[in-house]
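First the structure, in the form of structure tokens, and then the observations on it.
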Amino acid sequence: MALSLGEKIQKHRKEKGYSLDKLAELTESSKSYLWELENPRPGKKAVKPSAEKMTQIAKALSVTTDYLLDDKAEPDEEVVKEAFFRDYSQLEPEDKQRIKEMVELWGKKK
Numbered sequence: 011m012a013l014s015l016g017e018k019i020q021k022h023r024k025e026k027g028y029s030l031d032k033l034a035e036l037t038e039s040s041k042s043y044l045w046e047l048e049n050p051r052p053g054k055k056a057v058k059p060s061a062e063k064m065t066q067i068a069k070a071l072s073v074t075t076d077y078l079l080d081d082k083a084e085p086d087e088e089v090v091k092e093a094f095f096r097d098y099s100q101l102e103p104e105d106k107q108r109i110k111e112m113v114e115l116w117g118k119k120k
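Residues in the sequence shown are numbered consecutively from 11, following my numbering.
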């Protein structure tokens, strides 16, 4: 079943155990703004987040902006991989090296 933007935000926020306050803190948003995103009211103009705000929300929820914006998209392994790579690409070189070393060690266990 396809979910709306608000439903996706709420679903992933709850899966992560985040309150609206926590997600607001992580995304530099207000609690009321996020509530409006999660609970659009019929007849009222829908809140449309900026690209920057969508990126912050997607990052905090470990998903991609494409997934959040596509009404037909379902969370799948590709979404998780893209979100991980986005986070990985922002790491310091030393941290990337440590992760590389861990992956190599795990591969040797086979």
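Idealized CB from N, CA, C, for every residue including glycine.
Between the Cα of residue i and those of the options, spot the shortest distance and give me the residue it belongs to.
i	options	result
Lys-63	Thr-37, Tyr-98 and Thr-74	Thr-37
Lys-21	Gln-107, Val-113, Lys-41 and Val-73	Val-73
Arg-51	Val-113, Gly-27, Glu-17 and Glu-114	Glu-17
Ala-61	Trp-116, Glu-92, Tyr-28 and Thr-75	Thr-75
Leu-15	Asp-81, Glu-102 and Glu-87	Asp-81
Ala-93	Asp-105, Tyr-77 and Trp-45	Tyr-77
DSSP on residue i, reduced to helix/strand/coil?
i	result
Gly-117	helix
Leu-30	helix
Leu-15	helix
Arg-51	coil
Thr-37	helix
Asp-80	coil
My understanding is that residue i touches residue j, with C-beta atoms under 8 Å, so please give their C-beta distance in whole angstroms.
i	j	result
Ala-70	Leu-30	So it is not a contact: roughly 12 Å between Cβ atoms.
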